[in-house]
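Novice: Would you mind keeping the following structure in view while I ask a few things?
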Amino acid sequence: MSKVVVVTSGKGGVGKTTSTASIGAALAKSGKRVCVVDFDVGLRNLDLVMGAERRVVYDLINVAQGDAKLPQALIRDKRIDTLSLLAASQTRDKDALTEEGVKRVVEELRGMFDFILCDSPAGIERGALLAMRFADEAIVVTNPEVSSVRDSDRIIGLLDSKTLRAEQGQRMDKQLLLTRFDAARASRGEMLSVADVLDILSIPLLGIIPESEDILRASNLGAPITMNGSTSQASRSYEDAARRLVGEAVPMVVPGEKKSLFNRILGRRAA
Amino acid sequence: MNLFSLFKSRGTAPVARERLQILLAHERVTLGPANLIAMLRDEILATIAKHVEIAPEAVKIKMGQEGSISTLEIDVEIPTEKIAKRNNAMRATAAA
Chain A
19 MSKVVVVTSG KGGVGKTTST ASIGAALAKS GKRVCVVDFD VGLRNLDLVM
69 GAERRVVYDL INVAQGDAKL PQALIRDKRI DTLSLLAASQ TRDKDALTEE
119 GVKRVVEELR GMFDFILCDS PAGIERGALL AMRFADEAIV VTNPEVSSVR
169 DSDRIIGLLD SKTLRAEQGQ RMDKQLLLTR FDAARASRGE MLSVADVLDI
219 LSIPLLGIIP ESEDILRASN LGAPITMNGS TSQASRSYED AARRLVGEAV
269 PMVVPGEKKS LFNRILGRRA A
Chain B
30 MNLFSLFKSR GTAPVARERL QILLAHERVT LGPANLIAML RDEILATIAK
80 HVEIAPEAVK IKMGQEGSIS TLEIDVEIPT EKIAKRNNAM RATAAA
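Rendered as structure tokens:
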């Protein structure tokens with residue numbers, strides 16, 4: 019049974035692409051056949067974060083329009099052979115992507131992979147709607163910050179109305195991935211807490227990813243953090259989220275919360 | 030920043046939380062006709078289920094949106110014997 023998961027947020031820059039790449043790599047490492055698909059037509063970036071920017075020949079639009087066959091366009095990862103990428107197009111014509119085309123590509127991908135992760139563009143325009151259109155479930159990426167939470171609320175509304183599942187009267191499962199979380203700041207009341215965000219958005223929690231320098235290092239290198247052998251907290255958090263996505267019961271830990279009193283005092287002084 | 034505010038440092042997160050709660054309560058109604066439709070769907074079905082037992086496969090739901098108009102079609106098949114049973118029960122309680 020293959021699953022199509024849209025990674026979406028409404029707001030830009032909250033970590034959709036990073037999360038798609040990191041969870042995709044973690045799933046693939048556990049033996050699942052995974053395809054990550056970049057829906058950000060015109061501003062593709064998933065290829066760069068995955069370290070495959072020089073290997074893109076054909077893209078999603080080429081396949082959707084029938085100019086290339088899907089196997090020609092899929093880029094198989096050189097490090098994890100169960101992981102593939104379908105890049106977005108750099109073409110500026112956003113209308114090049116049609117609903118019928120996307121439907122055909124997604125259906126074909128379902129026959130080849132266990133997980134299809136659709137990296138949505140920011141916003142609530144056509145590209146974002148197409149990315150979620152044929153999804154079975156959604157990961158809503160949110161920062162603990164007012165504008166991100168507001169936009170996520172909007173996206174949740176769209177997931178409940180504009181997806182095929184919703185229109186057919188079926189339930190659309192949505193899970194929250196809280197990224198760039200800083201437990202120390204949250205505990206000082208400077209940042210929305212996990213409970214605050216869950217309370218406001220009222221969808222189940224898939225994972226909490228701490229703010230981490232290792233994330234930038236990973237995208238600098240073009241190697242998702244779950245792929246490069248990193249033992250950082252962010253990497254472990256993404257791996258836990260991936261395991262929860264396949265239905266494993268992984269206890270939720272708030273990353274960075276177990277700071278010693280000494281560090282906490284230092285942290286308070288510094289802030 | 031004075032010495033007093035150092036001691037008082039209460040954090041701004043509660044303000045963020047409160048502002049969001051107020052804002053979203055409003056936006057969910059004005060921007061989310063779809064949410065409203067989903068809510069109506071659930072409540073209508075719950076109301077029907079309160080009075081007659083309906084098999085999940087006997088319910089057809091269609092939600093749509095065209096321009097500024099949202100539509101909700103609910104097609105429920107209720108076997109006539111259940112309606113008769115229900116009417117008899119109601120008559121009995123009315124007589125009592």
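As given, the protein sequences belong to chains A and B, one line each in that order.
Heads up: the first sequence runs through residues 19 to 289, numbered per our numbering.
Heads up: the second sequence runs through residues 30 to 125, numbered per our numbering.
Note that beta-carbon positions come from the ideal geometry of N, C-alpha and C, so glycine has one too.
Does the Cβ of A:V123 have 16 or more other Cβ atoms within 10 Å, making it buried, or fewer, making it exposed?
Specialist: Position 105 of the first sequence holds residue 123 of chain A. Classification of A:V123: buried, given that the 10 Å Cβ count is 16 or more.
Novice: Could you spell out the range, first to last residue, of the beta strand (DSSP E) harbouring A:R198?
Specialist: Within the first sequence, numbered from 1, the residue matching residue 198 of chain A stands at position 180. Note, A:R198: beta strand (DSSP E), 191–199.
Novice: Does the segment 165–183 of chain A come within contact of the segment 64–83 of chain A, defined as at least 3 CB pairs closer than 8 angstroms?
Specialist: These segments do not touch.
Novice: If the criterion is Cβ atoms closer than 7 angstroms, does the pair A:P162 and A:F57 meet it?
Specialist: In the first sequence, counting from the first residue as 1, residue 162 of chain A sits at position 144. In the first sequence, counting from the first residue as 1, residue 57 of chain A sits at position 39. Not closer than 7 angstroms, so no.
Novice: How would you list, in chain order, the residues of chain E whose beta-carbon sits under 7 angstroms from the beta-carbon of A:V212?
Specialist: The displayed structure is made up of protein chains A and B, and chain E is not among them.
Novice: For the beta strand (DSSP E) containing A:V54, list its first residue and its last residue.
Specialist: For the purposes of this step, residue 54 of chain A is taken as residue 36 along the first sequence, with counting starting at 1. 52–56 is the extent of the beta strand (DSSP E) around A:V54.
Novice: What number of angstroms, rounded off, separates the C-alpha of B:V58 from the C-alpha of A:G28?
Specialist: What you label residue 58 of chain B is simply residue 29 of the second sequence in a count that begins at 1. What you label residue 28 of chain A is simply residue 10 of the first sequence in a count that begins at 1. Approximately 18 angstroms, taken between the alpha carbons.
Novice: Near A:V25, which residues of its chain fall below 7 angstroms by C-beta distance, leaving aside the five closest residues on each side in sequence?
Specialist: Stepping through the first sequence from its first residue, residue 25 of chain A is reached at position 7. These residues qualify, in order along the chain: K34, S37, T38, L135, C136, D137, S138, I157, V159.
Novice: Taking the straight line between their C-alpha atoms, what separation do you get for A:E208 and A:D232?
Specialist: Along the first sequence, read from residue 1 onward, the residue named residue 208 of chain A stands at position 190. Along the first sequence, read from residue 1 onward, the residue named residue 232 of chain A stands at position 214. Looking at the two C-alpha atoms, the distance is approximately 23 angstroms.
Novice: From the beta carbon of B:I73, is the nearest beta carbon of chain A less than 7 angstroms away?
Specialist: As a working mapping, residue 73 of chain B is identified with position 44 in the second sequence. No - not a single Cβ of chain A is within 7 angstroms of the one on B:I73.
Novice: Could you tell me which whole beta strand (DSSP E) segments of length 3 or greater appear in the segment 185–272 of chain A?
Specialist: Counting only runs of 3 or more, we get 191–199, 223–228.
Novice: Using a Cβ cut-off of 7 angstroms (strictly closer), state whether A:V167 contacts chain B.
Specialist: Taking the first residue of the first sequence as 1, we reach residue 167 of chain A at position 149. Judged by the 7 angstroms Cβ criterion, A:V167 is in contact with chain B.
Novice: Could you please give the first and the last residue of the uninterrupted beta strand (DSSP E) stretch that includes B:E102?
Specialist: Looking up residue 102 of chain B in the second sequence gives position 73. Its beta strand (DSSP E) spans residues 98–105.
Novice: Interface residues of chain B around A:E185 at Cβ under 9 angstroms?
Specialist: Residue 185 of chain A sits at position 167 when you count from the first residue of the first sequence. Correct list: K91, M92, G93, Q94.
Novice: Apart from the five residues just before and just after B:A16, which ones in its own chain have a Cβ nearer than 8 angstroms to its Cβ?
Specialist: What is shown of chain B runs 30 to 125, which leaves residue 16 of chain B out entirely.
Novice: Hey, is B:A42's beta-carbon within less than 7 angstroms of any beta-carbon in chain A?
Specialist: Locating residue 42 of chain B in the second sequence gives position 13, where the first residue counts as 1. Yes - at least one Cβ of chain A is within 7 angstroms of the one on B:A42.
Novice: Are A:I227 and A:T197 close, meaning C-beta to C-beta below 7 angstroms?
Specialist: Taking the first residue of the first sequence as 1, we reach residue 227 of chain A at position 209. Taking the first residue of the first sequence as 1, we reach residue 197 of chain A at position 179. Going by C-beta atoms, A:I227 is nearer than 7 angstroms to A:T197.
Novice: Alpha carbon to alpha carbon, what distance is there between A:G31 and B:K111?
Specialist: By 1-based counting over the second sequence, the position of residue 111 of chain B is 82. By 1-based counting over the first sequence, the position of residue 31 of chain A is 13. Cα to Cα, the separation comes out at about 55 angstroms.
Novice: What residue from A:P222, A:L148, A:E71 has the CA that sits closest to A:L115's CA?
Specialist: Numbered from 1 along the first sequence, position 97 holds the residue referred to as residue 115 of chain A. Nearest option by C-alpha distance: A:L148.
Novice: Helix or strand or just coil, what does DSSP make of A:A288?
Specialist: Translated into the one-based positions of the first sequence, residue 288 of chain A becomes position 270. With a pLDDT of 42 at A:A288, under the threshold of 50, the modelled position of this residue cannot be trusted, and the question is left open.
Novice: Run down chain A in chain order and give the residues with a C-beta less than 7 angstroms from the C-beta of B:L52.
Specialist: The count along the second sequence starts at 1 and reaches residue 52 of chain B at position 23. Result: R168.
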